[in-house]
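K.L.:
Here it is, the structure, as structure tokens.
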Amino acid sequence: MTDTDLSAYYKSIDEAASSIADEVIEWRHHIHKNPELSNREAKTEEFIIEQLKNIGIDDADITTGVGGHGVVAFIRGGSDGEGEKRTVLLRADTDALPVKEDSGESFASKVVDNDYPGGPFPVAHACGHDTHVAMLLGAAKVLFGLRDSIHGDIMLVFQPAEEGPPPGEDGGADYMVEQMQEQGFFDPKPTMAFGIHIGPGPIGTIGYSRGVQNAASETVKITITGEQVHASTPWQGIDPMPAVGDVLSNIGQIYRQVDVKERFSISLGHIVDQGRFNIVGNQVEIWGTVRSVTSAVVEDVNARITRYVENLAAAHGCTGKVEFFDQIPPVVNSPEWIDAVLPVYKRVAGDNPVAELPVSMGYDDVSEFIARFGGVYALLGGQDVVFTEKGTLEPSKEGSRGLVPNHSPKFYVNDAALEYGVRLHSHIAVDHLMGNVQSDEVGVE
Ligand SMILES: [Zn+2]
Ligand SMILES: [Zn+2]
1 MTDTDLSAYY
11 KSIDEAASSI
21 ADEVIEWRHH
31 IHKNPELSNR
41 EAKTEEFIIE
51 QLKNIGIDDA
61 DITTGVGGHG
71 VVAFIRGGSD
81 GEGEKRTVLL
91 RADTDALPVK
101 EDSGESFASK
111 VVDNDYPGGP
121 FPVAHACGHD
131 THVAMLLGAA
141 KVLFGLRDSI
151 HGDIMLVFQP
161 AEEGPPPGED
171 GGADYMVEQM
181 QEQGFFDPKP
191 TMAFGIHIGP
201 GPIGTIGYSR
211 GVQNAASETV
221 KITITGEQVH
231 ASTPWQGIDP
241 MPAVGDVLSN
251 IGQIYRQVDV
261 KERFSISLGH
271 IVDQGRFNIV
281 GNQVEIWGTV
291 RSVTSAVVED
301 VNARITRYVE
311 NLAAAHGCTG
321 KVEFFDQIPP
331 VVNSPEWIDA
341 VLPVYKRVAG
351 DNPVAELPVS
361 MGYDDVSEFI
371 ARFGGVYALL
381 GGQDVVFTEK
391 GTLEPSKEGS
401 RGLVPNHSPK
411 FYVNDAALEY
421 GVRLHSHIAV
431 DHLMGNVQSD
441 EVGVE
């Protein structure tokens, strides 16, 4: 790691971020009022393209429709500089959630998606991806202004469907990465990937984990098939329900078969049956999710789920089938990368804490980028809370909204957090491209 003096760059970034702060807030409010569900982010995509063009990015450097409604844009550094020419990939996810917003904000969403599979659904940016888009657009504007003196390129990735596409559709980071690969975006490949997730910490605090930060995740679909029959004569058919009951109650035994030090969870949250009060249905589907800190444990747990389902179904004369999909690797911040970025986090956070946090069982498919190119994922605080002496969080003052977790109908982000995000993306990009933040390590478990 070199230690080039980039203080003039930092000053320019901070001044530019401050001067566009109101504009970034306006972008955020617009996106927030117009949320779109995973794989339906058409208007959000259009808005992103419009702003990238307004910033001055050349049409030829903007590619749309990548992996669904994804956008990839380049800011080309103009300086010949010294040493290796790098590319930093900055990623923001763009989709909203089927949540009825109850944040109390003046710009709250009233949108309902009538056509979404399984809908109609109310739609809201209850995970803060509106702020992610606005912060990355802000960084694009700041970095575009500095491009002539930057050595290397900035790849802006606006990724759809982070929350997962509807069943049966391709979408999310792995699909976007696949299409980016086909379209030659990784030749030469990025030398660092970076993203930010907003959440319920004090405004301007930056959180990180050393090692695994977000769990590996997958969707599990269990199908138990019997034989449909009139409910008055169950012996003339095969009832799948008792096998379903056994699967639900026995799946918890897996926790006793895997070393207690391994952290994982299995939740079966959705059951679809074909029966009626007077019909024994033919088939039942059970949908759930498996989370684990390492992919190896996921493989082990999957084998156990399959064994239980097949054998419990057979015990009742049914057949059991298990399918796993939407497999997302864990987000891993390798220690070398964390050591490299910590000075940047501290510089951007200023007087606010930079805190090491325990692993989260929530997933984020930014891992598809970080696992390929190295880099880190930062957690930015954006709520009206403060740390107590014990390290817990409490409302910053009486009557403030306090801590509200992501995905809650009451989830909110204080606009004051956005400027931190714009600065964080921009500082990281300049530090990496100019050689102050780098590592050859790629985050693996
Ligand atoms: Zn989310
Ligand atoms: Zn999210």
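One point on numbering: in the UniProt record's numbering, the residue at position 243 of the sequence shown is 243, and numbering is uninterrupted. Every residue, glycine too, gets a C-beta built ideally from N, C-alpha and C.
Return helix, strand or coil for LEU342, following the three-state DSSP convention.
P.N.:
helix
K.L.:
Of all the options HIS125, LYS221, SER217, which has the alpha carbon lying nearest to the alpha carbon of HIS270?
P.N.:
LYS221
K.L.:
Runs of 4 residues minimum, wholly inside the UniProt domain "Peptidase M20 dimerisation" (219–314): which ones carry the alpha helix (DSSP H) assignment?
P.N.:
241–250
K.L.:
What is the rounded straight-line gap between the Cα of ASN250 and the Cα of VAL24?
P.N.:
Whole-angstrom Cα-Cα distance: 50 Å.
K.L.:
What are the boundary residues of the beta strand (DSSP E) that ILE49 is part of?
P.N.:
Taken as a continuous stretch (DSSP letters only), ILE49 belongs to no beta strand (DSSP E), being part of the alpha helix (DSSP H) at 42–55.
K.L.:
Compute the Euclidean distance between the alpha carbons of MET361 and THR233, then round it to the nearest angstrom.
P.N.:
45 Å
K.L.:
Can you look up GLN179 in the DSSP assignment and give me helix, strand or coil?
P.N.:
helix
K.L.:
Are there any heavy atoms of ligand 1 lying less than 8 Å away from the beta-carbon of CYS127, as far as the coordinates show?
P.N.:
yes
K.L.:
Can you tell me whether PRO122 is buried or exposed, with buried defined as 16 or more other CB within 10 angstroms of its CB?
P.N.:
buried
K.L.:
Can you tell which of ARG307, ASP22, ALA134, TYR116 has the C-alpha that lies nearest to the C-alpha of GLY168?
P.N.:
TYR116
K.L.:
Cβ atoms of ILE254 and VAL298: under 9 Å apart, would you say?
P.N.:
no
K.L.:
Specify the secondary structure class of THR64 as computed by DSSP and reduced to three states.
P.N.:
strand
K.L.:
Can you look up ALA193 in the DSSP assignment and give me helix, strand or coil?
P.N.:
strand
K.L.:
When you measure from the CB of GLU36 to every non-hydrogen atom of ligand 1, does any distance come out below 8 Å?
P.N.:
no
K.L.:
Rounding to the nearest angstrom, what Cα-Cα distance links residue 452 and GLN274 in this structure?
P.N.:
The structure shown does not extend to residue 452, since the chain spans only 1 to 445, so no value can be given for it.
K.L.:
Can you have a look at PHE277 and say buried or exposed, based on whether 16 or more other CB atoms are within 10 angstroms of its CB?
P.N.:
exposed
K.L.:
Return the first residue and the last residue of the alpha helix (DSSP H) that LYS321 is part of.
P.N.:
From DSSP, LYS321 is part of no alpha helix (DSSP H) but of the beta strand (DSSP E) over 319–328.
K.L.:
Do you know whose CA, among GLY320, SER38, SER295, lies nearest PHE158's CA?
P.N.:
SER38
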